[in-house]
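Asker: If you count the sequence shown from 1, position 118 lands on 118 in the UniProt record's numbering, and the numbers rise without skipping.
Take a look at the following structure, please.
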Amino acid sequence: MKCIYCPIDTRLNFIQVSKLLKEVQPLHVVCPEQYTQPPPTQSHRTDLMVDCLPPPMSYRRAEVLTLPFKRRYEKIEITPELADSLVPTEMKPGISLATVSAVLHTKDNKHVLQLPPKLPQPQPGKKRKRVTDDVPELKPTKPLLSGSIPVDQLVQTLEKVKGNTDRERLVDWLVDWLSM
Numbered sequence: 001m002k003c004i005y006c007p008i009d010t011r012l013n014f015i016q017v018s019k020l021l022k023e024v025q026p027l028h029v030v031c032p033e034q035y036t037q038p039p040p041t042q043s044h045r046t047d048l049m050v051d052c053l054p055p056p057m058s059y060r061r062a063e064v065l066t067l068p069f070k071r072r073y074e075k076i077e078i079t080p081e082l083a084d085s086l087v088p089t090e091m092k093p094g095i096s097l098a099t100v101s102a103v104l105h106t107k108d109n110k111h112v113l114q115l116p117p118k119l120p121q122p123q124p125g126k127k128r129k130r131v132t133d134d135v136p137e138l139k140p141t142k143p144l145l146s147g148s149i150p151v152d153q154l155v156q157t158l159e160k161v162k163g164n165t166d167r168e169r170l171v172d173w174l175v176d177w178l179s180m
């Protein structure tokens, strides 16, 4: 499917625009709202509006449009800094996997994966902490697990967290939790 932005020459009148749209036969037409309705002072003049099949989708100034296109895949760019930080692990011969912790920035339908912002380092010498409302509180990123998980290390961590030394109950709890 192609989406073509084709501004219509403003020297054309409404009849010429309607003829042009009938010749081209587009699947979707998007135009400003004032072109889809007759002027308020001359509501009987239907020739002063865009007439085409299918009916045009109208929009107003600064309105976000939801177009009837189905997107299957999106192209995402990765910053060079993030690409350098990736460490692929070979899962099978010819298949590698790398966990990614990143922030997705989207602007004008362009998507960019960037490194997550680093935590601000406390500056020595300042006795008072200034309260700023515009700075978001950043939490440290946790490492993501992939591949085979060392069970003994996991059970030890669970023992610390749950405070329970009954190994069988912890393993049962873990199996129940993973099956959710």
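Here a beta-carbon is modelled for each residue, glycine too, at the ideal position from N, C-alpha and C.
(1) Apart from the five residues on each side of it in sequence, which residues of its chain come closer than 7 Å, Cβ to Cβ, to residue 18?
(2) Just how far apart, CA to CA, sit residue 107 and residue 81?
(3) If you check the beta carbons only, do residue 103 and residue 117 fall under 9 Å apart?
(4) Measuring straight from C-alpha to C-alpha, what distance separates residue 8 and residue 44?
(5) Who are the near neighbours of residue 114 in its chain, counting only those whose CB is closer than 7 Å to its CB and skipping five residues on each side?
(6) Quick check: the Cα distance between residue 24 and residue 41, rounded to an integer number of angstroms?
(7) Near residue 63, which residues of its chain fall below 7 Å by C-beta distance, leaving aside the five closest residues on each side in sequence?
(8) I'd like to know if the segment 54-70 and the segment 25-39 are in contact, where contact means that at least 3 CB-CB pairs between them fall below 8 Å.
Answerer: The relevant details are as follows:
(1) Here residue 18 corresponds to residue number 18 of the sequence shown, with the count starting at 1. Excluding sequence neighbours, residue 18 sits near 50, 51 and 52.
(2) For the purposes of this step, residue 107 is taken as the residue at position 107 of the sequence shown. For the purposes of this step, residue 81 is taken as the residue at position 81 of the sequence shown. So the alpha carbons of these two residues sit roughly 20 Å apart.
(3) Residue 103 sits at position 103 when you count from the first residue of the sequence shown. Residue 117 sits at position 117 when you count from the first residue of the sequence shown. Contact flag set, yes.
(4) Against the sequence shown, residue 8 aligns to sequence position 8. Against the sequence shown, residue 44 aligns to sequence position 44. Going from the Cα of residue 8 to the Cα of residue 44 covers about 24 Å.
(5) Here the question's residue 114 lines up with position 114 in the sequence shown. Result list for residue 114: 79, 82, 102, 103 and 105, in chain order.
(6) To locate residue 24, count along the sequence shown from 1; it is residue 24. To locate residue 41, count along the sequence shown from 1; it is residue 41. Looking at the two C-alpha atoms, the distance is approximately 31 Å.
(7) The residue you call residue 63 lines up with position 63 of the sequence shown. In the same chain as residue 63, and ignoring 5 residues on each side of it, no C-beta atom comes closer than 7 Å to its own.
(8) They touch, by the three-pair rule.
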